Every structure is written in structure tokens, then in C-alpha cells.
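The structure appears below as C-alpha cells.
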Amino acid sequence: MDLEARDNILIADNYKGYKKGSRSIKMVLENEFFVIYRRKKLNVS
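What follows is the structure, given as C-alpha cells:
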């Protein structure tokens, strides 16, 4: 995973201060930051 995607995912995960699952992170990225990632990319451990 590239560093820009990692940074975007971390920003979305910390958005509003509570933990989120991959679906919530995906929706925050799409609606607030206008970035589209597949859920498969968000589930990388």
C-alpha cells in the first residue's frame, strides 16, 4: 500500500475521534475527502 493511501486511511480512521470499520472508513473517505478506495485495500493488516 502506498504512503498516500495509508495517510488518507489513518486520517479517515481518526475522523471524529472514534473507531471505525472498513465500511465506515470507506464512506468517510468518499463523502468527506472525495477519495475512493475499495474495501479490500482498507482491510490490509
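Quick note: the sequence shown uses the working numbering, first residue 1, plus one each step. Beta carbons: idealized from backbone N, C-alpha and C, even for Gly. Quick caveat, the model's predicted, so the values are computed rather than measured.
_Suppose the cutoff is 6 Å on Cβ atoms and the five residues either side in sequence are ignored; what does the same chain contact list for S22 look like?_
Here residue 22 is taken as the residue at index 22 of the sequence shown, counted from 1. Closer than 6 Å at Cβ, skipping near neighbours: R39, L42, N43.
*asked:* To the nearest angstrom, how far is the alpha carbon of E30 from that of N8?
replied: Here residue 30 refers to the residue found at position 30 when the sequence shown is read from its first residue. Here residue 8 refers to the residue found at position 8 when the sequence shown is read from its first residue. Approximately 11 Å between the Cα atoms of the pair.
*Determine the direct distance from the alpha carbon of K26 to that of K46, and round the result to whole angstroms.*
The structure shown does not extend to residue 46, since the chain is modelled only from 1 to 45, so the question has no answer here.
*Run through DSSP, which three-state label would K41 get?*
Taking the sequence shown and counting its residues from 1, one reaches residue 41 at position 41. Shown here, K41 sits in a helix according to DSSP, grouped into three states.
*Beta-carbon proximity check, Y15 vs E4, cutoff 8 Å*: Taking the sequence shown and counting its residues from 1, one reaches residue 15 at position 15. Taking the sequence shown and counting its residues from 1, one reaches residue 4 at position 4. In this structure, E4 does not lie closer than 8 Å to Y15 by Cβ.
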